[in-house]
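Respectively, the protein sequence lines represent chains P and D.
With the working numbering as the guide, the letters of the first sequence map in order to residues 1 to 161.
With the working numbering as the guide, the letters of the second sequence map in order to residues 162 to 240.
Glycine residues also receive a C-beta, built at the ideal position from the N, C-alpha and C atoms.
Note that the coordinates shown come from a computational prediction; the quantities given were computed from them, not determined experimentally.
All remarks here apply to the structure that follows.
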Amino acid sequence: MRLHYYLLFPEDKKNFMKKRKTVFQEGPIRPAFIANAIEKHQTKTTIGAHDIFLGQVRADEIDGKVVKSIEYTAYEEMAENKFQEIREATFSKFELTCMHIYHSLGNVNAGEICLFVFVSAPHRKTAFNALEFLVEEIKKEVPVFGKEIFEDETHIWKVNN
Amino acid sequence: MDIKVRYFGMIAETANCTEEILSVDKECNVDELKKILKSKYQKLQNSSFTIAIDKQIASDTNKLNSNHEIALLPPFSGG
Chain P
1 MRLHYYLLFP
11 EDKKNFMKKR
21 KTVFQEGPIR
31 PAFIANAIEK
41 HQTKTTIGAH
51 DIFLGQVRAD
61 EIDGKVVKSI
71 EYTAYEEMAE
81 NKFQEIREAT
91 FSKFELTCMH
101 IYHSLGNVNA
111 GEICLFVFVS
121 APHRKTAFNA
131 LEFLVEEIKK
141 EVPVFGKEIF
151 EDETHIWKVN
161 N
Chain D
162 MDIKVRYFGM
172 IAETANCTEE
182 ILSVDKECNV
192 DELKKILKSK
202 YQKLQNSSFT
212 IAIDKQIASD
222 TNKLNSNHEI
232 ALLPPFSGG
């Protein structure tokens with residue numbers, strides 16, 4: 001259905017591309033997925049600059065114990081709404097060509113990627129500024145909760161600074 | 162009236178459930194709900210949390226009703 005809609009109304013494609021997207025993925029975001037996302041943009045030749053943020057799980061040492069993974073949960077319905085609000089705010093603030101956000105749910109091991117934010121614009125400064133704004137908003141506004149699990153299976157709850 | 166409250170993250174762990182029905186006064190607001198929850202779950206007295214009504218962060222004076230989707234949210238830690 002969606003593909004047909006595109007073909008019939010190509011002028012609506014831009015708006016369609018900005019419609020609601022699913023952000024959450026189960027488990028870590030794989031480097032191959034990121035590479036594939038970059039490759040998909042090679043047909044969009046108005047883009048002159050991409051900027052990418054990758055959040056990676058740190059093996060923090062806390063009171064002598066080392067974090068082996070983070071288990072993410074979220075208030076998913078509210079989080080998806082927030083992601084959508086943040087997307088719209090970013091699009092209205094910056095002249096971006098496109099924007100993609102992916103966040104993990106469930107277990108992500110130290111060293112693996114839990115957040116992938118990808119912005120594209122005609123010029124670099126727009127991409128730099130939009131990306132920083134976007135990542136800060138995500139950290140501050142989206143109800144995602146990380147449980148840091150230690151090697152001995154005990155845990156603490158992470159809090160963003 | 163009865164309200165359904167959803168718990169997330171550290172708070173779900175403290176309450177040992179992800180949602181429950183609470184019986185509160187008809188004119189109950191967010192601040193009063195916080196007090197009820199803190200007395201029910203002692204551990205919440207030392208933790209910071211916000212309350213969302215229908216997926217929006219609520220302020221202390223917002224009144225509750227039984228149709229609301231009420232959620233207790235610990236500090237966010239995404240990314």
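query, result
"If distances are taken between C-alpha atoms only, which option among P:V66, P:I34 and P:A127 comes closest to A49 of chain P?", "P:A127"
"Measuring straight from C-alpha to C-alpha, what distance separates H229 of chain D and A74 of chain P?", "19 Å"
"Looking at C-alpha atoms only, which residue of P:F53, P:F94 and P:E141 is the closest neighbour of P31 of chain P?", "P:F53"
"Could you tell me whether the Cβ atoms of D163 of chain D and L183 of chain D are closer together than 9 Å?", "yes"
"At the 9 Å Cβ level, is F145 of chain P part of the contact set with chain D, yes or no?", "yes"
"Does the Cβ of S227 of chain D have 16 or more other Cβ atoms within 10 Å, making it buried, or fewer, making it exposed?", "exposed"
"Can you list, in chain order, the residues of its chain whose CB lies under 7 Å from that of V57 of chain P, leaving out five sequence neighbours each side?", "S69, I70, V108, N109, A110, G111, E112 and C114"
"Within a Cβ cutoff of 6 Å, which residues of the same chain sit near G55 of chain P, ignoring the five residues on either side of it in sequence?", "C114 and L115"
"Below 6 Å CB to CB, which residues in the same chain sit around M1 of chain P once its five sequence neighbours on both sides are set aside?", "Low confidence applies here, because M1 of chain P scores a pLDDT of 43, under 50, leaving its location unreliable; read the following figure in that light. Counting only Cβ-Cβ distances below 6 Å, and skipping sequence neighbours, we find nothing."
"Are the Cβ atoms of A89 of chain P and G239 of chain D separated by less than 9 Å?", "no"
"State the beta-bridge partners of T211 of chain D as determined by DSSP.", "D:L234"
"Using a beta-carbon distance below 9 Å, is Y102 of chain P in contact with chain D?", "no"
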